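Q: Before I ask anything, let me first share the structure, which is written out below as structure tokens.
In the numbering used here, the protein residues as written are 35 to 132.
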């Protein structure tokens, strides 16, 4: 089962964007940004995969679960790699803790 992306998302492909959300630590070096807190997120609470974004940071960071942050990075869509999320933010950097 592969995702299909609408025109509005295709326009963002390769562009730098800022986004705010809840941090979900997946492993020591992998973080996901969620539109909702952990209890309501895709992994635990039944939201869809469209509500999460994989963060590929330029520098190492340490965050706590459900910490609200704003990040900036290059938006990338993932149509076929099953070991990554559908939405990815490459070259991500922390803008602020909220």
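Even for Gly, the Cβ is constructed at its ideal location relative to N, Cα and C. Since we're looking at a predicted model, the values are computed, not measured.
To which residues of the same chain is residue 132 closer than 8 Å at the C-beta, ignoring the five residues directly before and after it?
A: 54, 102, 103 and 104
Q: Which partner residues of residue 110 appear in the DSSP bridge assignment?
A: 122
Q: Pop quiz: residue 126 and residue 91 are said to be a contact at Cβ under 8 Å. What is the actual Cβ separation, rounded to whole angstroms?
A: Taking the Cβ atoms as the reference, residue 126 lies roughly 5 Å from residue 91, within the contact range of under 8 Å.
Q: Going by Cα to Cα distance, which pick from 106, 100, 112 and 119 is closest to residue 71?
A: 100
Q: Note down, in chain order, each residue of its chain lying with its Cβ closer than 8 Å to the Cβ of residue 36, except the 5 sequence neighbours on either side.
A: 113 and 114
Q: From the DSSP output, in three-state form, read off residue 81 for me.
A: Secondary structure at residue 81: coil, using DSSP grouped into helix, strand and coil.
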